[in-house]
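Colleague: Got a structure for you, written out below as structure tokens; questions coming shortly.
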Amino acid sequence: VQLQASGGGSVQPGGSLRLSCAASGSIDSFNDMAWYRQAPGKQRLLVATINSGNMKVYVGSVQGRFTISRDKAENSVYLQMNSLKAEDTAVYYCYGRVGELEYWGKGTLVTVSS
265 VQLQASGGGS VQPGGSLRLS CAASGSIDSF NDMAWYRQAP GKQRLLVATI NSGNMKVYVG
325 SVQGRFTISR DKAENSVYLQ MNSLKAEDTA VYYCYGRVGE LEYWGKGTLV TVSS
């Protein structure tokens, strides 16, 4: 299984970006999928998760601004990011779990700067 993240870029504060994570197989095989981010010099942290039952959980700092979703037909998970702030600047990683197995996509860089 491979996960391919895309959609990063540079945006001004208050702007929006949509990240995509395409799976090489059916996303129905994943128990959970998630987005993590790693800011320069900091640990990789969870941003949002979505499970096979479409239950969503967000870290407090993005609650109300970010939306995680999944599209079975596209075998993809998305992260819609609105009202972006400078502190959202990070490399964003897609994650998927199948039982005990964990999969990571390569990161996509999001830079929020005026």
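Everything in the sequence shown is counted per my numbering, starting at 265 for the first residue and increasing by one. Just so you know, even glycine gets a beta-carbon here, dropped at the ideal spot from N, CA and C.
#1: Over the uninterrupted beta strand (DSSP E) stretch that includes residue 313, give me the two end residues.
#2: Check whether the Cβ atoms of residue 303 and residue 353 lie closer than 8 Å to each other.
#3: Report the three-state DSSP secondary structure of residue 288 (helix, strand or coil).
#4: For residue 369, does the count of other Cβ atoms within 10 angstroms reach 16, so buried, or fall short, so exposed?
#5: Assign residue 345 to one of two classes, buried (16 or more other C-beta atoms within 10 Å of its C-beta) or exposed (fewer than that).
Modeller: Let's see:
#1: 308-315
#2: yes
#3: coil
#4: buried
#5: buried
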